[in-house]
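Protein sequences appear in the order of chains V and S. In terms of the working numbering, the first sequence opens at residue 47 and continues consecutively. In terms of the working numbering, the second sequence opens at residue 47 and continues consecutively. Written out below as structure tokens is the structure these notes cover.
Protein chains: 2
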Amino acid sequence: MDLFSKIIKPTLLLDRDKAVRNLDRMLSKADTQKIRFRPHFKTHQSTEIGEWFRSAGVNAITVSSVEMAQYFAAAGWDDITIAFPANLRQMDEIRTLSRQVKLSLLVESVEAVEKLGNELAAEPGVDIWIKVDAGAGRTGVGWDAAAELKQVAEAVERFSGLRLRGLLTHAGHTYKVRGKTEICRTYHESVDRMNAARRSLADHGLVNLEISVGDTPASTLCDDPGEVDEIRPGNFIFYDVQQYLAGVCRAEDIAVALACPVVAKHPERSEIVVYGGAIHLSKDYALVDGVPAYGLVCLPENTGWGAPLPGAFVRGLSQEHGVIRLRPDDLDKIQIGGLVCVLPAHSCLTVQLMRSYLTLEGQRIHTLN
Amino acid sequence: MDLFSKIIKPTLLLDRDKAVRNLDRMLSKADTQKIRFRPHFKTHQSTEIGEWFRSAGVNAITVSSVEMAQYFAAAGWDDITIAFPANLRQMDEIRTLSRQVKLSLLVESVEAVEKLGNELAAEPGVDIWIKVDAGAGRTGVGWDAAAELKQVAEAVERFSGLRLRGLLTHAGHTYKVRGKTEICRTYHESVDRMNAARRSLADHGLVNLEISVGDTPASTLCDDPGEVDEIRPGNFIFYDVQQYLAGVCRAEDIAVALACPVVAKHPERSEIVVYGGAIHLSKDYALVDGVPAYGLVCLPENTGWGAPLPGAFVRGLSQEHGVIRLRPDDLDKIQIGGLVCVLPAHSCLTVQLMRSYLTLEGQRIHTLN
Numbered sequence: 047m048d049l050f051s052k053i054i055k056p057t058l059l060l061d062r063d064k065a066v067r068n069l070d071r072m073l074s075k076a077d078t079q080k081i082r083f084r085p086h087f088k089t090h091q092s093t094e095i096g097e098w099f100r101s102a103g104v105n106a107i108t109v110s111s112v113e114m115a116q117y118f119a120a121a122g123w124d125d126i127t128i129a130f131p132a133n134l135r136q137m138d139e140i141r142t143l144s145r146q147v148k149l150s151l152l153v154e155s156v157e158a159v160e161k162l163g164n165e166l167a168a169e170p171g172v173d174i175w176i177k178v179d180a181g182a183g184r185t186g187v188g189w190d191a192a193a194e195l196k197q198v199a200e201a202v203e204r205f206s207g208l209r210l211r212g213l214l215t216h217a218g219h220t221y222k223v224r225g226k227t228e229i230c231r232t233y234h235e236s237v238d239r240m241n242a243a244r245r246s247l248a249d250h251g252l253v254n255l256e257i258s259v260g261d262t263p264a265s266t267l268c269d270d271p272g273e274v275d276e277i278r279p280g281n282f283i284f285y286d287v288q289q290y291l292a293g294v295c296r297a298e299d300i301a302v303a304l305a306c307p308v309v310a311k312h313p314e315r316s317e318i319v320v321y322g323g324a325i326h327l328s329k330d331y332a333l334v335d336g337v338p339a340y341g342l343v344c345l346p347e348n349t350g351w352g353a354p355l356p357g358a359f360v361r362g363l364s365q366e367h368g369v370i371r372l373r374p375d376d377l378d379k380i381q382i383g384g385l386v387c388v389l390p391a392h393s394c395l396t397v398q399l400m401r402s403y404l405t406l407e408g409q410r411i412h413t414l415n
Numbered sequence: 047m048d049l050f051s052k053i054i055k056p057t058l059l060l061d062r063d064k065a066v067r068n069l070d071r072m073l074s075k076a077d078t079q080k081i082r083f084r085p086h087f088k089t090h091q092s093t094e095i096g097e098w099f100r101s102a103g104v105n106a107i108t109v110s111s112v113e114m115a116q117y118f119a120a121a122g123w124d125d126i127t128i129a130f131p132a133n134l135r136q137m138d139e140i141r142t143l144s145r146q147v148k149l150s151l152l153v154e155s156v157e158a159v160e161k162l163g164n165e166l167a168a169e170p171g172v173d174i175w176i177k178v179d180a181g182a183g184r185t186g187v188g189w190d191a192a193a194e195l196k197q198v199a200e201a202v203e204r205f206s207g208l209r210l211r212g213l214l215t216h217a218g219h220t221y222k223v224r225g226k227t228e229i230c231r232t233y234h235e236s237v238d239r240m241n242a243a244r245r246s247l248a249d250h251g252l253v254n255l256e257i258s259v260g261d262t263p264a265s266t267l268c269d270d271p272g273e274v275d276e277i278r279p280g281n282f283i284f285y286d287v288q289q290y291l292a293g294v295c296r297a298e299d300i301a302v303a304l305a306c307p308v309v310a311k312h313p314e315r316s317e318i319v320v321y322g323g324a325i326h327l328s329k330d331y332a333l334v335d336g337v338p339a340y341g342l343v344c345l346p347e348n349t350g351w352g353a354p355l356p357g358a359f360v361r362g363l364s365q366e367h368g369v370i371r372l373r374p375d376d377l378d379k380i381q382i383g384g385l386v387c388v389l390p391a392h393s394c395l396t397v398q399l400m401r402s403y404l405t406l407e408g409q410r411i412h413t414l415n
């Protein structure tokens with residue numbers, strides 16, 4: 047219990063063994079399926095954790111900002127996709143990166159292509175992926191907007207510094223359904239749409255384009271990736287309560303938990319209050335029986351944390367406070383001044399807020415920020 | 047427009063004039079009402095902005111964590127209330143602080159009182175406020191739990207290092223109603239309850255106790271503070287969309303806005319996508335016609351930002367993406383590669399995520415983190 051005795055404030059615990067198991071499982075699946083694995087590093091945002099991937103044989107990565115690309119480039123990663131529509135206000139940074147690494151950028155408009163093409167004319171060049179909206183409705187050219195796809199693709203072909211690599215999507219709507227059947231149905235629908243988009247370009251002589259997809263729910267659950275060339279899951283390294291409740295992972299696969307000091311007990315409403323709020327966990331939530339849960343609750347154990355207490359969840363968050371509802375029987379197991387471990391609703395946002403991890407072995411690991 | 051030309055990624059703009067006007071208004075109100083003003087610094091979290099308060103005559107402050115108390119103590123603040131139930135795992139830090147400043151702590155259980163009393167026995171002592179739940183249902187002893195209040199108060203009196211100062215509440219439920227009438231009704235109900243709690247203690251000889259209240263909605267709107275000794279609003283320095291939509295402030299009082307690069311336009315659904323997501327704004331929201339809005343949207347102007355575009359709001363956030371819906375007419379005013387300014391739903395959380403401000407004069411101001 048030495049690990050816990052030193053914890054005095056909200057601290058993000060990382061169970062390295064669980065994370066490495068999650069990584070090995072995903073890697074061997076991608077390997078069996080003979081598909082390129084380009085994991086998204088926005089979840090962990092740490093060069094140190096990146097080394098776990100590197101020693102497992104990963105050499106191409108995905109990030110979500112220019113800053114993150116710079117951070118991982120400095121740590122020796124040399125094949126990086128920035129999976130976010132190119133930010134034209136960061137042309138200087140993009141230009142520098144394009145000289146340092148094999149850089150892939152996303153575009154979804156002729157305007158963006160022309161700006162990139164002109165600005166990078168004298169550079170070694172970058173790979174370009176057209177961001178396609180395969181149903182998530184966030185960003186990208188519509189998969190069935192054949193004329194627009196063709197315009198963007200042909201614009202890319204006009205610039206010597208831009209190499210058209212393929213079509214990329216984030217099927218973010220797989221996060222909105224639950225269970226293997228629905229998730230894989232949604233995934234395969236988006237893969238079919240991506241292939242339809244690819245065919246519509248091939249009809250105009252734009253051939254040999256690749257398809258990049260990948261999100262944690264589908265990459266974890268679906269047996270057959272379909273006609274795609276690359277997957278880019280990120281969250282799977284830690285998973286979280288959203289993934290657990292969607293049936294994507296087991297509770298024991300979740301590799302991070304926020305250790306929170308208990309500051310008050312309210313037996314009359316069977317609640318406790320912890321030091322651990324919106325600035326630690328984030329206000330993202332998962333629905334438990336229609337009620338927002340900002341996390342599930344475990345007790346510290348010698349080897350880390352135990353299974354989630356049945357019926358217990360973080361029902362409210364303010365800036366520093368977390369209010370946890372639990373079963374009356376469990377209230378006695380918790381003391382003011384003690385700790386509980388909260389499995390976060392959305393681990394990517396919790397990591398972003400906490401900015402460092404403490405492994406169960408007591409090692410401090412920092413992130414980009 | 048020189049300010050905007052240098053902005054390449056999400057940047058939290060601060061309109062100092064607006065913030066100082068918000069401060070002056072609140073100060074002169076507290077002054078007229080002859081009430082002690084102990085502003086909450088968790089909103090701005092910056093020693094530099096703290097100096098604006100100091101030059102306006104403020105000398106006592108509220109914070110929400112031991113870390114924040116240390117940070118402001120190091121900047122010369124010597125009268126600090128940590129408005130969060132005392133975290134018994136930080137006794138060493140609390141002990142050190144109690145030697146440096148006039149420190150006020152919150153308790154709400156006999157257990158916490160006894161631990162503090164024993165640990166601080168050899169120290170100069172701290173002021174103790176009993177945290178009372180006057181209806182918000184988050185934390186504190188129930189205002190009508192007379193026996194429990196008496197137990198906690200008498201426990202404080204047993205320790206020489208603990209000075210019982212009074213009863214403190216955060217009427218957080220004023221954030222859940224809208225409009226002056228409802229907000230002030232809720233506020234006065236909680237003040238009445240605090241006074242009932244004070245009388246119940248006076249009946250047992252526990253006299254001369256003060257009452258500390260204060261939240262931005264009531265402190266802004268209510269003409270009469272009632273029978274209280276101290277107010278502790280924090281958010282008012284910047285306000286935000288939650289306060290604006292609740293009728294607490296005007297849109298033009300909001301003193302911070304997140305400048306976000308535009309990365310995509312989707313005329314077919316009258317939406318744009320910006321670089322500015324959950325890791326910049328936070329997932330907190332305000333309801334606009336029952337729909338979650340993570341922010342309202344303004345255009346950059348020479349002097350800062352303009353009025354919110356009618357009908358425009360941030361409808362969705364993922365890690366780095368913000369999806370903004372706006373009226374088709376306004377779409378033409380916005381270019382890929384340009385900027386929009388987003389008024390945050392909840393400025394405290396946006397500040398916590400951004401960790402620095404850029405004033406309209408181009409000055410960079412950092413926060414605690």
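Where is the CB? At the ideal position from N, CA and C, for every residue including glycine.
- Message: Please state the DSSP three-state secondary structure of V:W351.
- Response: Working through the first sequence from its first residue, we reach residue 351 of chain V at position 305. Strand.
- Item | Chain-ordered neighbours of S:H367 on chain V, where CB pairs are closer than 8 Å | Counting from one through the second sequence, the residue named residue 367 of chain S turns up at place 321. What S:H367 touches in chain V: F130, R184 and T185.
- Query: Which residues in chain S sit within 8 Å of V:C394, going by Cβ to Cβ distance?
  - Reply: Working through the first sequence from its first residue, we reach residue 394 of chain V at position 348. The contact set of V:C394 on chain S, defined by CB atoms closer than 8 Å, consists of Q365 in chain order.
- Query: Hey, is S:N431's beta-carbon within less than 7 Å of any beta-carbon in chain V?
  - Reply: Absent from the structure is residue 431 of chain S, since the part of chain S shown begins at 47 and ends at 415.
- Go through its chain and collect everything with a Cβ distance to V:G341's Cβ below 8 Å, but skip five positions before and after it. As a first step, residue 341 of chain V is located in the first sequence; it is residue number 295 there, counting from the start. Cβ neighbours of V:G341 beyond the five flanking positions: V287, L304, L327, F359, V360, G368, V388, L389, P390 and A391.
- Can you give me, in chain order, the residues of the stretch 318-329 of chain S that have a beta carbon less than 7 Å from any beta carbon in chain V? Against chain V - using a Cβ distance shorter than 7 Å - the residues of the stretch 318-329 of chain S are V319, Y321, A324, I325, S328 and K329.
- Query: For S:R145, which option in S:P131, S:A168, S:L152 and S:I128 has the closest C-alpha, if you only look at C-alpha atoms?
  - Reply: Residue mapping note: residue 145 of chain S aligns to position 99 of the second sequence, counting from 1. Looking from the CA of S:R145, the closest CA among S:P131, S:A168, S:L152 and S:I128 belongs to S:A168.
- Item | Closest by C-alpha distance to V:A199, when choosing among V:L59, V:G280, V:F83 and V:D249 | By 1-based counting over the first sequence, the position of residue 199 of chain V is 153. For the residues V:L59, V:G280, V:F83 and V:D249, the minimum Cα distance to V:A199 belongs to V:D249.
- Leaving out the 5 sequence neighbours to the left and right, which residues in its chain are closer than 7 Å to V:P279 when beta-carbon positions are compared? Within the first sequence, numbered from 1, the residue matching residue 279 of chain V stands at position 233. If you ignore the 5 residues before and after V:P279, its C-beta comes within less than 7 Å of the C-beta of M72, P85, H86, G260, D261, T262 and S265, all in its own chain and listed in chain order.
- Three-state class that DSSP yields for V:C268 in the structure shown: Taking the first sequence and counting its residues from 1, one reaches residue 268 of chain V at position 222. Correct three-state label for V:C268: coil.
- Can you tell me the Cα-Cα spacing of V:Q91 and S:V309, whole angstroms? The residue you call residue 91 of chain V lines up with position 45 of the first sequence. The residue you call residue 309 of chain S lines up with position 263 of the second sequence. C-alpha of V:Q91 to C-alpha of S:V309: approximately 22 Å in a straight line.
- Item | Option nearest S:K88 by Cα separation, candidates S:T78, S:N68, S:K75 and S:V112 | Against the second sequence, residue 88 of chain S aligns to sequence position 42. Of the listed residues, the one whose Cα sits closest to S:K88 is S:V112.
- Query: Quick one, are the C-beta atoms of S:A28 and S:G218 less than 7 Å apart?
  - Reply: Because residue 28 of chain S is not part of the residues shown, which for chain S are 47 to 415, the question remains open.
- Opposite V:D125 in the DSSP bridges: which residues? As a working note, residue 125 of chain V is residue 79 in the first sequence. V:D125 has V:K148 as its beta-bridge partners, per DSSP.
- Query: So, is the C-beta of S:E157 closer than 7 Å to a C-beta in chain V?
  - Reply: For the purposes of this step, residue 157 of chain S is taken as residue 111 along the second sequence, with counting starting at 1. Yes, its Cβ sits closer than 7 Å to a Cβ of chain V.
- Can you give me the start and stop residues for the alpha helix (DSSP H) that S:F118 sits inside? Counting from 1 along the second sequence, the entry for residue 118 of chain S is found at position 72. Run containing S:F118: V112 to A120, per the alpha helix (DSSP H) assignment.
- Apart from the five residues just before and just after S:W123, which ones in its own chain have a Cβ nearer than 6 Å to its Cβ? By one-based count along the second sequence, residue 123 of chain S stands at place 77. These residues qualify, in order along the chain: I107.
- Looking at the unbroken alpha helix (DSSP H) that takes in S:A192, where does it start and where does it end? To locate residue 192 of chain S, count along the second sequence from 1; it is residue 146. Residues A192 to E203.
- Item | Whole-Å CB distance - V:P307 paired with V:K52, under 8 Å assumed | Along the first sequence, one-based indexing puts residue 307 of chain V at 261. Along the first sequence, one-based indexing puts residue 52 of chain V at 6. About 12 Å separates the beta carbons of V:P307 and V:K52, which is beyond the 8 Å limit, so they are not a contact pair.
- Query: What residues from chain S crowd round V:V198, counting only those whose CB sits closer than 8 Å?
  - Reply: The residue labelled residue 198 of chain V in the question sits at position 152 within the first sequence. For V:V198, there are no neighbours in chain S by C-beta distance under 8 Å, as the nearest C-beta there is about 12 Å away.
- Task: Compare the beta carbon distance of S:E317 and S:R371 with 7 Å and say whether it is the shorter of the two.
- Result: Walking along the second sequence from the start, residue 317 of chain S turns up at place 271. Walking along the second sequence from the start, residue 371 of chain S turns up at place 325. Yes; because the gap between Cβ atoms is below 7 Å, this pair is in contact.
- Task: Quick one: give me the first and last residue of the alpha helix (DSSP H) that S:D238 is part of.
- Result: Taking the second sequence and counting its residues from 1, the one referred to as residue 238 of chain S is at position 192. Looking at the DSSP string, the run of the alpha helix (DSSP H) that includes S:D238 is K226 to A248.
- Cβ atoms of V:A120 and V:A301: under 7 Å apart, would you say? Here residue 301 of chain V corresponds to residue number 255 of the first sequence, with the count starting at 1. Here residue 120 of chain V corresponds to residue number 74 of the first sequence, with the count starting at 1. With a cutoff of 7 Å on beta-carbon distance, V:A301 and V:A120 are scored as not near each other.
- Message: With a threshold of 7 Å between beta carbons, is S:G383 in contact with chain V?
- Response: Locating residue 383 of chain S in the second sequence gives position 337, counting from the first residue. The beta carbon of S:G383 falls within 7 Å of a beta carbon belonging to chain V, placing the residue at that interface.
- Query: Short check: CB of V:A158 to CB of S:I380, under 7 Å?
  - Reply: Here the question's residue 158 of chain V lines up with position 112 in the first sequence. Here the question's residue 380 of chain S lines up with position 334 in the second sequence. With respect to S:I380, V:A158 sits apart: the two C-beta atoms are not nearer than 7 Å.
- Message: Cβ closer than 9 Å: which chain S residues qualify as neighbours of V:S92?
- Response: For the purposes of this step, residue 92 of chain V is taken as the residue at position 46 of the first sequence. Here the premise fails: no neighbours, minimum Cβ distance about 15 Å.
- Mind checking if V:Q136 is an interface residue toward chain S, Cβ cutoff 7 Å exclusive? For the purposes of this step, residue 136 of chain V is taken as the residue at position 90 of the first sequence. At a cut-off of 7 Å, the C-beta of V:Q136 has a neighbouring C-beta in chain S.
- Message: When you compare the CB of S:S258 with every CB in chain V, is at least one pair closer than 7 Å?
- Response: The residue given as residue 258 of chain S occupies position 212 in the second sequence. For S:S258, no CB of chain V lies under 7 Å from its own CB, so it is not counted at the interface with that chain.
- Excluding the five sequence neighbours on either side, which residues of its own chain have a C-beta within less than 8 Å of the C-beta of S:P374, listed in chain order? Taking the first residue of the second sequence as position 1, residue 374 of chain S is located at position 328. Cβ within range, chain order: P313 and S316.
- Message: Bridge partners for V:V302 per DSSP, in chain order?
- Response: Locating residue 302 of chain V in the first sequence gives position 256, counting from the first residue. Per DSSP, the beta bridge partners of V:V302 are V:L60.
- Message: I want to see whether chain V comes within less than 7 Å of S:P85, judged by CB atoms only; does it?
- Response: Within the second sequence, the letter at position 39 stands for residue 85 of chain S. Answer no: the Cβ-Cβ gap between S:P85 and chain V never drops below 7 Å.
- Query: Leaving out the 5 sequence neighbours to the left and right, which residues in its chain are closer than 6 Å to S:E139 when beta-carbon positions are compared?
  - Reply: As a first step, residue 139 of chain S must be located in the second sequence, where it is residue number 93. So the list reads V112, once near-sequence residues are dropped.
- Task: Compute the beta-carbon to beta-carbon distance between V:F130 and V:S110, rounded to the nearest angstrom, for a pair I have assumed lies under 8 Å.
- Result: For the purposes of this step, residue 130 of chain V is taken as residue 84 along the first sequence, with counting starting at 1. For the purposes of this step, residue 110 of chain V is taken as residue 64 along the first sequence, with counting starting at 1. Confirmed, about 5 Å.
- Message: Tell me the rounded alpha-carbon separation between V:G207 and V:V147.
- Response: Working through the first sequence from its first residue, we reach residue 207 of chain V at position 161. Working through the first sequence from its first residue, we reach residue 147 of chain V at position 101. Those two C-alpha atoms are separated by around 14 Å.
- Item | Buried/exposed call for S:V337, threshold 16 Cβ in 10 Å | The residue labelled residue 337 of chain S in the question sits at position 291 within the second sequence. S:V337 should be labelled exposed.
- Query: Of all the CB atoms in chain V, is at least one closer than 7 Å to the CB of S:S417?
  - Reply: No answer is possible for residue 417 of chain S: the residues shown for chain S start at 47 and end at 415.
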